[in-house]
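A short worksheet on the structure shown next.
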Amino acid sequence: MPPLPDYCAGCGVRLQDKDPDRPGYFQVPARLLQAAQEPSEGELEEGGAGATARATAEARPQQAGGKAGSEWARGDTSTPQEGPAEELGDDAFAGFSERVDSWLDDEDEEADENSVEGLRIAEDVSNGTARVLCTRCFSLTNYGRIKSAMAEAALPEFDLAKRVGRKLALQRFRRSVVLCVVDAADFDGSLPRNALRALLPAAGQAAADAPQLVMAINKVDLLPTQATPLRVQAWARRRARQGGLPQPARVALVSAASGTGVPSLLRTLHEEVGGRGDVWVVGAQNAGKSSLINAMRRAVGKGDIKAEITTAALPGTTLGMLKVPGVMPPKCKMFDTPGVPHKFQLTSRLSADEVRLLLPRRRLRPRTYRLGEGQSLLMGGCARVDILSSPGATLYLTVWASDDVICHFGRTDSADERLEKHSGVTLVPPLGGPERREELGPLVADDVDITGTSWKFSTVDVAIAGLGWLGVGVAGNALLRVWAHKGVAVTTREALLPDYARDFERPGFSTRGRKLPKAAGKAGRRATAAAA
628 MPPLPDYCAG
638 CGVRLQDKDP
648 DRPGYFQVPA
658 RLLQAAQEPS
668 EGELEEGGAG
678 ATARATAEAR
688 PQQAGGKAGS
698 EWARGDTSTP
708 QEGPAEELGD
718 DAFAGFSERV
728 DSWLDDEDEE
738 ADENSVEGLR
748 IAEDVSNGTA
758 RVLCTRCFSL
768 TNYGRIKSAM
778 AEAALPEFDL
788 AKRVGRKLAL
798 QRFRRSVVLC
808 VVDAADFDGS
818 LPRNALRALL
828 PAAGQAAADA
838 PQLVMAINKV
848 DLLPTQATPL
858 RVQAWARRRA
868 RQGGLPQPAR
878 VALVSAASGT
888 GVPSLLRTLH
898 EEVGGRGDVW
908 VVGAQNAGKS
918 SLINAMRRAV
928 GKGDIKAEIT
938 TAALPGTTLG
948 MLKVPGVMPP
958 KCKMFDTPGV
968 PHKFQLTSRL
978 SADEVRLLLP
988 RRRLRPRTYR
998 LGEGQSLLMG
1008 GCARVDILSS
1018 PGATLYLTVW
1028 ASDDVICHFG
1038 RTDSADERLE
1048 KHSGVTLVPP
1058 LGGPERREEL
1068 GPLVADDVDI
1078 TGTSWKFSTV
1088 DVAIAGLGWL
1098 GVGVAGNALL
1108 RVWAHKGVAV
1118 TTREALLPDY
1128 ARDFERPGFS
1138 TRGRKLPKAA
1148 GKAGRRATAA
1158 AA
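So, in structure tokens, the structure goes:
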């Protein structure tokens, strides 16, 4: 049986086999126990080709390539006898011949940014240890849920600034690249500003050998087609600068799910890391960091699903630093780091089932509402926007969020009663009715001043971390009262997508043409009819 590793191959936590209710618990896989108990293939053979090969191997001293010294001396080019050593030698020569042919073929070809051909990838060399998953990773991978609530409560914290920042500070004669993965559907909520400030020099103070920042905006396939690459890249650079971050060397638009932009990102990383360096992959929890690494491995032909990093809708899947083999050039390394916890994201306080409702599964579609003073918009049971004042009779709010977030447009004076009655039932997320609402606590109000420049399109966004954002179309000053759970960040910014929906939403529940949640029953339908 091969030696067992010290760390889980899926999440990086230290393995232990003593306490099932502590992080890192594992059991030796049955396949390894079976392999240790079964005799080898050679031991089962008696008097056959295997025995002949072993006898020949024992009788002759072996040299490079597995051939006997007398064979090399004679220059013997005849077909070798059966045996694993001779087969290895032939494979080595065949592999070398293929590499030479590929070098000659590639000399006159230009690199295609949508292909990984021509990239020098280091061999994915195993140190002989078995690949073992902790029970948490096994359960998340196979069943989509955690194994032990007690173990989940005792998960270790990872100090990114201390663990990674120290390594970057001591790095000498090696390039350092920080690959920051951001969620396109929750840019401000998933941008780890504090972590990046701890790892990178301040804007305008970067030295020549300072770590380079490469920003990968993941899940771009969720953005509508009007979100052109140039628009999104320029907008992201402005947001990074406004956040006090150094100018990104590159801004890549990628999708870990579809593979879009992954080959181009790999080329960028190879260029930035050079012939000797390290890539440190950082990002907030649920930004899709580990999924993107798995997509890069698939792009270079290392996409064995059994060897992938564990991914799940549950925040904080990766727990320790993981070395990612077979993606970077020779003499270069890539490291995956645990997702940075953002307590100001709504997703940090929701269950896995509730988080799934917030994560879009298809391209975002706008929902546009025309609201006046005294009217409110409810976004599930997790957020509410009241119109306190507007320069005109109405203004326009465009919701960009998962289709599974049920919204309601109605009067402000009945908003409290509607939330009390339908939060967690019709207005989802959360899930679970009044009891769940009490667990999450009440919504807290925050007055937000808006200054827009057009009625025809959105010029300002109000982003609610972890939920989505609203584009505001107004010319002049407006005052909104935004309600969210205590601690959830509410941010105003330049509009990412100025477009309105083609058809405006009517008062009542908006369900994107889908049925109301089953739990709503007749009560939800009565509420919809009354509001309309």
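Taking the numbering used here, the leading residue of the sequence shown gets 628, the next gets one more, and so forth. C-beta atoms are modelled at their ideal positions from N, C-alpha and C, and glycine is treated no differently. In this text the structure is predicted, and so the values were computed from the model without any measurement.
Determine, using beta carbons only, whether residue i and residue j come nearer to each other than 7 Å.
i, j, result
"residue 1038", "residue 1132", "no"
"residue 1161", "residue 849", "Any answer about residue 1161 is impossible in this case: the structure gives the chain only from 628 up to 1159."
"residue 1024", "residue 1106", "no"
"residue 581", "residue 1073", "Only positions 628 to 1159 of the chain appear in the structure, and residue 581 is not among them; the question remains open."
"residue 845", "residue 883", "yes"
"residue 1077", "residue 1109", "no"
"residue 973", "residue 808", "no"
"residue 583", "residue 907", "This structure gives no information on residue 583, because the portion of the chain shown stretches from 628 to 1159."
"residue 803", "residue 838", "yes"
"residue 761", "residue 640", "yes"
"residue 1102", "residue 1081", "yes"
"residue 817", "residue 911", "yes"
"residue 1029", "residue 1061", "no"
"residue 843", "residue 889", "no"
"residue 840", "residue 873", "yes"
"residue 792", "residue 829", "no"
"residue 1063", "residue 1069", "no"
"residue 1088", "residue 1129", "no"
"residue 923", "residue 949", "no"
"residue 1067", "residue 1112", "yes"
"residue 1001", "residue 1020", "no"
"residue 1090", "residue 971", "no"
"residue 1010", "residue 1094", "yes"
"residue 897", "residue 956", "yes"
"residue 958", "residue 905", "no"
"residue 1126", "residue 853", "yes"
Residues bridged to residue i by DSSP?
i, result
"residue 1076", "1106"
"residue 1002", "1038"
"residue 839", "804"
"residue 1160", "No statement about residue 1160 is possible, as the shown extent of the chain runs from 628 to 1159 and does not include it."
"residue 809", "844"
"residue 1021", "999"
"residue 1016", "1106"
"residue 1119", "1089"
"residue 949", "963"
"residue 1131", "995"
"residue 652", "643"
"residue 1137", "1034"
"residue 1026", "994 and 1097"
"residue 770", "Note: residue 770 sits in no beta bridge, so no partner."
Hey, residue i and residue j are a contact pair by Cβ (cut 8 Å); roughly how many whole angstroms apart?
i, j, result
"residue 763", "residue 636", "Residue 763 to residue 636, Cβ: 12 Å. No contact."
"residue 919", "residue 881", "6 Å"
"residue 985", "residue 1027", "Rounded, the Cβ-Cβ distance is 12 Å, inconsistent with contact."
"residue 851", "residue 1124", "7 Å"
"residue 1208", "residue 634", "In the structure as shown, the chain starts at 628 and stops at 1159, and residue 1208 therefore has no counterpart that could be examined."
"residue 1022", "residue 1035", "Not a contact, Cβ separation roughly 18 Å."
"residue 814", "residue 866", "7 Å"
"residue 822", "residue 954", "Not really, about 22 Å apart at Cβ, beyond 8 Å."
Continuous beta strand (DSSP E) assignments of at least 3 residues falling wholly in the stretch 863-931: Listed in chain order, the complete beta strand (DSSP E) runs (minimum 3 residues) inside the stretch 863-931 are 877-880 and 904-910.
Given 8 Å, three or more beta-carbon pairs between the stretch 948-968 and the stretch 1000-1011: Not touching, per the Cβ criterion.
Touch test, the stretch 899-914 against the stretch 861-870, Cβ-Cβ under 8 Å, three pairs minimum: In short, these stretches do not touch, since the Cβ pair count stays below three.
Uninterrupted beta strand (DSSP E) stretches inside the stretch 1040-1100 (no shorter than 3 residues): Fully contained in the stretch 1040-1100 are the following beta strand (DSSP E) runs of length 3 or more, in chain order: 1070-1081 and 1087-1091.
Touching by the beta-carbon criterion (3+ pairs, under 8 Å), the stretch 974-992 and the stretch 1073-1083: Of all C-beta pairs linking the stretch 974-992 to the stretch 1073-1083, fewer than three are shorter than 8 Å, placing the two stretches out of contact.
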